[in-house]
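Numbered according to UniProt numbering, the sequence shown terminates at residue 613, and the numbering increases by one at each position without gaps. Every residue gets a Cβ at the ideal spot worked out from N, C-alpha and C, and that includes glycine.
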Amino acid sequence: MSEEIEKEEGSISIHTENIFPIIKKWLYSDKDIFLRELVSNAVDAIHKMQNVNLMEGLQIADEYKVDIHLDKEAGTLTVADNGIGMTAEEVRKYINQVAFSSAEDFIEKFKDLEDKNQIIGHFGLGFYSSFMVADHVEIRSLSYQKDAEAVHWQCEGTTTYSLEPTDKKERGTEIVLHLNEDEKEFLDPASVSEILKKFCNFLPVSIHLEGEEINDKNPLWTKSASEVSDEEYKEFYRKLYPMSAEPLFWIHLNIDFPFNLKGIVYFPHLTNEFDVTKSHINLFCNQVFVSDNTPELIPEFLTPLQGCLDAPDLPLNVSRSYLQNDPQVRKIREVISGRVAAKIVDLAKKDREIFEPIWEDIHSFVKYGMMREDKFYEKVKDHVIYRATGDDAYTTLPEYLERAKEKHENKVYYANDEGAQATYLKLFKSQGMEALILDAMIDNHFIQFLESKNTDIKFERVDSDITENLLEADPSQEIVEGADNKTKGQRIEQMFKDSLDIKGLTIRIETLKDDSVPGMILLNEQSRRFKEMTRMMGQGAEMPDMFSDHTLMVNTASPAVNKVLKLQDDGDTETAALLIEQIYDLAMLSHQAISKERMPAFLERSGKLLGMI
Ligand SMILES: Nc1ncnc2c1ncn2[C@@H]1O[C@H](COP(=O)(O)OP(=O)(O)OP(=O)(O)O)[C@@H](O)[C@H]1O
1 MSEEIEKEEG
11 SISIHTENIF
21 PIIKKWLYSD
31 KDIFLRELVS
41 NAVDAIHKMQ
51 NVNLMEGLQI
61 ADEYKVDIHL
71 DKEAGTLTVA
81 DNGIGMTAEE
91 VRKYINQVAF
101 SSAEDFIEKF
111 KDLEDKNQII
121 GHFGLGFYSS
131 FMVADHVEIR
141 SLSYQKDAEA
151 VHWQCEGTTT
161 YSLEPTDKKE
171 RGTEIVLHLN
181 EDEKEFLDPA
191 SVSEILKKFC
201 NFLPVSIHLE
211 GEEINDKNPL
221 WTKSASEVSD
231 EEYKEFYRKL
241 YPMSAEPLFW
251 IHLNIDFPFN
261 LKGIVYFPHL
271 TNEFDVTKSH
281 INLFCNQVFV
291 SDNTPELIPE
301 FLTPLQGCLD
311 APDLPLNVSR
321 SYLQNDPQVR
331 KIREVISGRV
341 AAKIVDLAKK
351 DREIFEPIWE
361 DIHSFVKYGM
371 MREDKFYEKV
381 KDHVIYRATG
391 DDAYTTLPEY
401 LERAKEKHEN
411 KVYYANDEGA
421 QATYLKLFKS
431 QGMEALILDA
441 MIDNHFIQFL
451 ESKNTDIKFE
461 RVDSDITENL
471 LEADPSQEIV
481 EGADNKTKGQ
491 RIEQMFKDSL
501 DIKGLTIRIE
511 TLKDDSVPGM
521 ILLNEQSRRF
531 KEMTRMMGQG
541 AEMPDMFSDH
551 TLMVNTASPA
561 VNKVLKLQDD
571 GDTETAALLI
581 EQIYDLAMLS
591 HQAISKERMP
601 AFLERSGKLL
611 GMI
């Protein structure tokens, strides 16, 4: 006979016995944090004691401290404090009744595994993290309360415990961890010291390991900026990052309203080893180390920032994605961005000579920040400096435009490869004109961005066109020569056109004030930029040919060009053709290496021409 089944509904029971395996397994990778949790509890207990003393006007002249003691023989690690202590009632309430009411609740709170490190400390689970490394844990405690009786609690990693009176004489709590066989590394003072240095380095209460104080109770960020010297900031940096070069600048934050935020952030001297994509800020909560991986707190373009932030009221028990959208975290990012902008303006205004080398390290980040954040852009835009070819090595954009007003109003000339564009820069210099050097990866985008922000200003690379200022009013254009009624310019143009059979090439005849350059390649700014963009995106299999359209500007003032004319007149068309090819190759040479197709002819021709001298 089959059993009759009637419909029933109910809840699946998950037993609390499951909790210990979960604590061990899920949290295993971060087991070091049990020390942070126990020491934080001890510090909290001391703070509570200090408050009670304050309120009751009691004078208890103890030196408050947390003692960590390792006993190799017994296999125990003990965290002892002289804080407020616990009565039996309090142990029952705070320790036995774990802050979650069911395993379901526990799992719900832990579902975001990424944050387990932070969550553990924020759901009243801190003490239980000791079961990650010990099956057997004891608490011995004596409450500060009058006539309190000392208690001894023990648990061996199951859901049963024992609680009995004990003979502890001094106020406070001792947590004794009988370490598991494979956790004996926590008996090694050097390992424990390292963990304590990470988590407890800046705790506000004295922390002793085997009798020796290991922490700095008053880290620099707790002081006010006016009482800290530059040397102290640098020394603090060296302590945090012993192997690093001196930071470029730093910002001391001390904000009480509308939220609490203290800290010192440093902009490092960047080296090749420095990972600019990774978060470098140490986050603290009331001097307790929380995390060294909270990129959400820093504007993306400032990820290289190092240092410490102490944000006591951040809701750290929430997921990373929440943190990203949390209004307070956004405000922190804004504050940091604003303060960095102010610092940059301040440095730029104060002393250019100090600012210039710093600028070389930070400019890509600043430019990226300007493109990403309008507020940041507005704050720094007039103080951003550019390397320039004029008398001053660096200039701001407003300064440059002011100087260029007469010669080329609202036009900014720039070079992005000083070597390749040397001829053009020389011409500019000889005519008292300046160009900006914009040769960083980001500058291509930054130029477009600046143009979009300042629609009246145009940027042109020095080889994009020949400006009026470089040209001589050309008498040769007017002079009609020979029987064919052509000007000198027209004749030269014709000869170059006839000789050079090159795809996409246009010949343009000009007379430059400078006669030392026979020919120059000009690339139209807009089409060149378009090709560069396409190349950078690099999706198509075919890379755009930068020279599919180019202009050879032939300088009629050049003796070499006049020589071509003379040879033609003398009937030596062969040598004239050689010279024309040579002028073209030399002009191209500054843009790219001579192609393998043209190279043999170039070498042979060069040899021939040398032989003629
Ligand atoms: N060393 C101690 N001295 C006095 N009370 C303690 C000590 N350690 C723990 N307690 C008590 O036990 C409670 C539970 O501690 P637990 O670490 O599990 O969570 P919590 O401290 O409430 O929260 P957090 O996870 O933020 O530390 C504490 O709130 C405190 O009342």
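Original post:
Is the region 395-410 touching the region 490-499 in the sense that three or more CB pairs, one from each, lie closer than 8 angstroms?
Top reply: no
Original post:
Relative to the C-alpha of residue 340, which residue among 304, 310, 351 is closest?
Top reply: Sequence index remark: in the sequence shown, residue 340 carries index 340 (1-based). Nearest of 304, 310, 351 to residue 340, Cα basis: 304.
Original post:
Exposed or buried, which one is residue 6 when buried takes at least 16 other CB atoms within 10 Å?
Top reply: Numbered from its first residue, the sequence shown carries residue 6 at position 6. Flag for residue 6 reads exposed.
**OP:** Spell out a yes or no on whether the region 148-161 and the region 191-205 are touching, meaning 3 or more CB-CB pairs, one atom from each, closer than 8 angstroms.
**Re:** no
Subject >> residue 448 - partner residues in DSSP beta bridges >> reply: As a position in the sequence shown, residue 448 is number 448, starting the count at 1. Answer is none; residue 448 lacks a bridge partner.
Original post:
Cβ of residue 46 within 9 angstroms of Cβ of residue 83?
Top reply: Within the sequence shown, numbered from 1, the residue matching residue 46 stands at position 46. Within the sequence shown, numbered from 1, the residue matching residue 83 stands at position 83. Yes. Within cutoff.
Original post:
Any idea what DSSP makes of residue 132, helix, strand or coil?
Top reply: Taking the sequence shown and counting its residues from 1, one reaches residue 132 at position 132. Residue state, collapsed to three classes: helix.
Subject >> Counted within 10 angstroms of its Cβ, other Cβ atoms place residue 257 as buried (16 or more) or exposed >> reply: Your numbering for residue 257 matches position 257 in the sequence shown. Under this definition residue 257 is an exposed residue.
Original post:
Between residue 266 and residue 248, is the Cβ-Cβ spacing less than 9 angstroms?
Top reply: Along the sequence shown, read from residue 1 onward, the residue named residue 266 stands at position 266. Along the sequence shown, read from residue 1 onward, the residue named residue 248 stands at position 248. For residue 266 and residue 248, yes; Cβs fall inside 9 angstroms.
**OP:** Verify the contact flag: residue 128, CB atom, against every heavy atom of ligand 1, threshold strictly below 8 angstroms.
**Re:** Translated into the one-based positions of the sequence shown, residue 128 becomes position 128. Yes, the beta carbon of residue 128 sits closer than 8 angstroms to at least one heavy atom of ligand 1.
Original post:
Hey, would you say the C-beta of residue 30 is under 8 angstroms away from at least one heavy atom of ligand 1?
Top reply: As a first step, residue 30 is located in the sequence shown; it is residue number 30 there, counting from the start. Result no, Cβ not under 8 angstroms from ligand 1.
Original post:
Nearest-angstrom Cα distance between residue 198 and residue 283?
Top reply: Walking along the sequence shown from the start, residue 198 turns up at place 198. Walking along the sequence shown from the start, residue 283 turns up at place 283. Roughly 11 angstroms between the two C-alpha positions.
Subject >> DSSP beta-bridge partners of residue 388 >> reply: Residue 388 sits at position 388 when you count from the first residue of the sequence shown. 436.
**OP:** Less than 8 angstroms between the CB atoms is what I'm expecting for residue 298 and residue 279, so what's the real figure, rounded?
**Re:** On the sequence shown, residue 298 is found 298 positions in, with the first residue counted as 1. On the sequence shown, residue 279 is found 279 positions in, with the first residue counted as 1. The Cβ separation is near 7 angstroms, so the contact holds.
Original post:
Which residues in the same chain as residue 561 place their Cβ atom closer than 8 angstroms to its Cβ, once the five residues preceding and following it in sequence are excluded?
Top reply: For the purposes of this step, residue 561 is taken as the residue at position 561 of the sequence shown. Here the set comprises 492, 518, 519, 554, 555, 583.
**OP:** Tell me the start and end of each unbroken alpha helix (DSSP H) in the region 240-283 that is at least 4 residues and wholly inside, in chain order.
**Re:** none
Original post:
What's the gap between the Cα of residue 48 and the Cα of residue 73?
Top reply: Taking the first residue of the sequence shown as 1, we reach residue 48 at position 48. Taking the first residue of the sequence shown as 1, we reach residue 73 at position 73. So the alpha carbons of these two residues sit roughly 34 angstroms apart.
Subject >> contact_flag[the region 438-456, the region 496-511] where n(CB pairs < 8 angstroms) is 3 or more >> reply: no
**OP:** Have a look at residue 391 and residue 293 and give me their C-alpha separation to the nearest angstrom.
**Re:** For the purposes of this step, residue 391 is identified with residue 391 of the sequence shown, where counting begins at 1. For the purposes of this step, residue 293 is identified with residue 293 of the sequence shown, where counting begins at 1. C-alpha separation (whole angstroms): 45 angstroms.
Original post:
residue 582 lies in the alpha helix (DSSP H); which residues open and close that run?
Top reply: Residue 582 sits at position 582 when you count from the first residue of the sequence shown. Counting along the chain, the alpha helix (DSSP H) containing residue 582 begins and ends at 573-589.
Subject >> Contact test: residue 659 Cβ vs ligand 1 heavy atom, cutoff 8 angstroms >> reply: With the chain represented from 1 up to 613, any question about residue 659 goes unanswered, as that position is not in the structure.
Subject >> 7 angstroms CB neighbourhood of residue 431 in its chain, flanking five on each side removed >> reply: Counted from its first residue, the sequence shown places residue 431 at position 431. Only 469, 470, 513 meet the Cβ criterion.
Original post:
Who are the Cβ neighbours of residue 312 in its own chain at under 6 angstroms, not counting the five residues just before and after it?
Top reply: To locate residue 312, count along the sequence shown from 1; it is residue 312. 260, 285, 286, listed in sequence order.
**OP:** Thinking residue 437 and residue 389 are a contact (beta carbons under 8 angstroms), I'd like their distance in whole angstroms, please.
**Re:** What you label residue 437 is simply residue 437 of the sequence shown in a count that begins at 1. What you label residue 389 is simply residue 389 of the sequence shown in a count that begins at 1. Sure, about 7 angstroms apart at Cβ, within 8 angstroms.
Original post:
By DSSP, does residue 165 sit in helix, in strand, or in coil?
Top reply: For the purposes of this step, residue 165 is taken as residue 165 along the sequence shown, with counting starting at 1. Residue 165: strand per DSSP, three-state reduction.
Original post:
Can residue 262 and residue 254 be called in contact, C-beta distance under 9 angstroms?
Top reply: If you number the sequence shown from 1, residue 262 lands on position 262. If you number the sequence shown from 1, residue 254 lands on position 254. Yes, Cβ-Cβ distance for residue 262 and residue 254 is below 9 angstroms.
**OP:** Pull up the DSSP beta-bridge partners for residue 471, would you.
**Re:** Reading the sequence shown from its first residue, position 471 is the one you call residue 471. Paired residue(s): 512.
**OP:** Using three-state DSSP, classify residue 346 as helix, strand or coil.
**Re:** Here residue 346 is taken as the residue at index 346 of the sequence shown, counted from 1. If DSSP states are grouped into helix, strand and coil, residue 346 belongs with the helices.
Subject >> Opposing strand residues paired with residue 521 [DSSP bridges] >> reply: To locate residue 521, count along the sequence shown from 1; it is residue 521. Residue 521 is bridged to 552.
Original post:
Do you know whose CA, among 590, 581, 39, 211, lies nearest residue 600's CA?
Top reply: As a working note, residue 600 is residue 600 in the sequence shown. The shortest C-alpha separation from residue 600 is found at 581.
Subject >> Close-in-space but distant-in-sequence residues of the same chain around residue 38 (CB under 6 angstroms, 5 per side omitted) >> reply: As a first step, residue 38 must be located in the sequence shown, where it is residue number 38. 79, 175.
Subject >> Extent of the continuous alpha helix (DSSP H) run through residue 423 >> reply: In the sequence shown, counting from the first residue as 1, residue 423 sits at position 423. Looking at the DSSP string, the run of the alpha helix (DSSP H) that includes residue 423 is 422-430.
Subject >> Euclidean distance between Cα positions of residue 335 and residue 291 >> reply: As a working note, residue 335 is residue 335 in the sequence shown. As a working note, residue 291 is residue 291 in the sequence shown. About 20 angstroms.
Original post:
Three or more beta-carbon pairs under 8 angstroms between the region 233-245 and the region 206-213, yes or no?
Top reply: no
**OP:** Report the partner residues of residue 458 according to the DSSP bridge assignment.
**Re:** The residue given as residue 458 occupies position 458 in the sequence shown. For residue 458, which the question treats as bridged, DSSP gives the partners 411.
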